[in-house]
Amino acid sequence: MIELIDKKKLPRHVAIIMDGNGRWAKERGRDRLFGHQHGVISVREMVEGCAEIGVEYLTLYAFSTENWNRPESEVQGLMELLISTIRKEAETLHKNGVRLYVIGDFASLPQVCIDELEEAMNITAGNTKLNLILALSYSSKWEITEAVKKIAQQVQNNTLAIDDIKEETIKQNLATANFPDPELMIRTSGEHRISNFLLYQLAYAELYFTHTHWPDFRKENLYEALLNYQNRERRFGKISEQLK
Ligand code: IPE
Ligand code: IPE
Ligand code: MG
Numbered sequence: 025m026i027e028l029i030d031k032k033k034l035p036r037h038v039a040i041i042m043d044g045n046g047r048w049a050k051e052r053g054r055d056r057l058f059g060h061q062h063g064v065i066s067v068r069e070m071v072e073g074c075a076e077i078g079v080e081y082l083t084l085y086a087f088s089t090e091n092w093n094r095p096e097s098e099v100q101g102l103m104e105l106l107i108s109t110i111r112k113e114a115e116t117l118h119k120n121g122v123r124l125y126v127i128g129d130f131a132s133l134p135q136v137c138i139d140e141l142e143e144a145m146n147i148t149a150g151n152t153k154l155n156l157i158l159a160l161s162y163s164s165k166w167e168i169t170e171a172v173k174k175i176a177q178q179v180q181n182n183t184l185a186i187d188d189i190k191e192e193t194i195k196q197n198l199a200t201a202n203f204p205d206p207e208l209m210i211r212t213s214g215e216h217r218i219s220n221f222l223l224y225q226l227a228y229a230e231l232y233f234t235h236t237h238w239p240d241f242r243k244e245n246l247y248e249a250l251l252n253y254q255n256r257e258r259r260f261g262k263i264s265e266q267l268k
């Protein structure tokens with residue numbers, strides 16, 4: 025499969041809604057946390073797969089603002105898994121040239137989690153092979169609300185005139201200011217929705233949905249999605265003939 029992929033037509037940025045851990049575990053008669061633990065293997069596969077093939081940015085939706093409403097034991101289990109995974113993987117990420125970023129309401133995370141993530145971000149700050157962006161305690165409506173507040177503040181301070189608010193101003197005030205928009209968004213496990221993920225940034229992304237549950241998602245599945253992406257015509261409002 026990988027040999028069919030055109031390396032010159034890769035998306036620079038792939039974003040993934042990692043869904044289906046709970047259902048995957050339930051099918052095996054196990055608790056939801058078992059599914060989340062296995063999901064870490066898929067994360068590793070995607071980081072490796074993207075780095076190997078030459079995708080520059082990978083954003084993973086790991087925990088949404090709405091996920092705080094899950095049963096307390098699951099939230100706690102997820103936070104502990106996050107902490108132990110970052111602790112275990114930071115060195116490997118660094119060796120492989122991966123730079124870690126976090127988008128989301130950082131302050132809402134437990135302090136141990138913040139410390140672990142900050143350390144990993146510092147260690148990997150000089151890397152350029154792959155930018156790995158974890159969306160944690162993230163939701164698009166939260167992000168856009170924060171951006172509006174920042175812009176309003178600049179207007180109030182007289183550092184920004186209302187007439188100078190451009191699309192670029194919005195982009196610059198989002199948590200993703202330093203990243204290009206994703207060209208490809210993948211959601212696993214069969215749900216056809218965005219669930220408050222990168223609403224602004226996905227404006228022209230190609231959306232790819234698969235029934236595969238996240239813990240079963242492997243490099244081959246990524247290649248399949250990339251191939252599917254490459255066979256689409258991205259018109260951006262124009263007509264087919266104009267693209268030749
Ligand atoms: C995705 O899997 C992981 C997180 C949202 C943290 P789910 O936990 O949503 O699994 P399902 O959708 O219930 O199967
Ligand atoms: C979206 O999955 C959030 C993450 C993958 C982190 P959910 O499972 O929480 O989304 P809904 O509730 O099905 O929309
Ligand atoms: Mg889900």
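Note that our numbering numbers the sequence shown so that position 59 is 83, with each residue one more than the last. Backbone N, C-alpha and C define an ideal beta-carbon position, used for all residues, glycine too.
Pick out whichever of the options has its Cα sitting closest to the Cα of residue i.
i, options, result
"E207", "K33, S163, L198", "K33"
"H216", "E27, D188, D43", "D43"
"T116", "F87, W92, G101, T148", "T148"
"L226", "E76, G78, T83, L106", "T83"
"T234", "L223, Y228, L250", "L250"
"P134", "I263, H118, L105", "L105"
"A39", "Y85, G150, P95, T109", "Y85"
"D129", "H118, I218, A144, W92", "W92"
"D205", "N182, I218, E230", "E230"
"A77", "E113, I189, I194, P35", "Checking the sequence, you will find Ile at residue 77 rather than Ala. The candidate whose alpha carbon is nearest that of I77 is P35."
"V136", "H118, Q100, I157", "Q100"
"H237", "Q254, W48, Q178, A75", "W48"
"I194", "Q180, E265, K173", "K173"
Under 8 Å between the Cβ atoms of residue i and residue j?
i, j, result
"E72", "H37", "no"
"I29", "Y232", "no"
"T152", "R123", "yes"
"T89", "S163", "yes"
"L198", "A171", "yes"
"N45", "R56", "yes"
"L102", "V126", "no"
"N120", "K165", "no"
"M25", "E192", "no"
"S97", "S132", "no"
"I175", "I189", "yes"
"F203", "I157", "yes"
"E113", "R242", "no"
Is it right to say residue i is buried, meaning 16 or more other beta carbons lie within 10 angstroms of its own, or is it exposed?
i, result
"H60", "buried"
"R258", "exposed"
"P239", "buried"
"P95", "exposed"
"L154", "buried"
"S108", "exposed"
"S66", "buried"
"I263", "exposed"
"E51", "exposed"
"I186", "exposed"
"Y228", "exposed"
"L222", "buried"
"T183", "exposed"
"G63", "buried"
DSSP on residue i, reduced to helix/strand/coil?
i, result
"I127", "strand"
"T83", "strand"
"I41", "strand"
"N155", "strand"
"S163", "coil"
Using a Cβ-Cβ distance cut-off of 8 Å, determine whether residue i contacts chain D.
i, result
"W48", "Checking the listed chains, one finds no chain D in this structure; it contains a single protein chain."
Any alpha helix (DSSP H) of 4 or more consecutive residues that is wholly inside the segment 166-237: 191-196
Secondary structure, beta strand (DSSP E): runs of 3+ residues fully inside the segment 97-122: none
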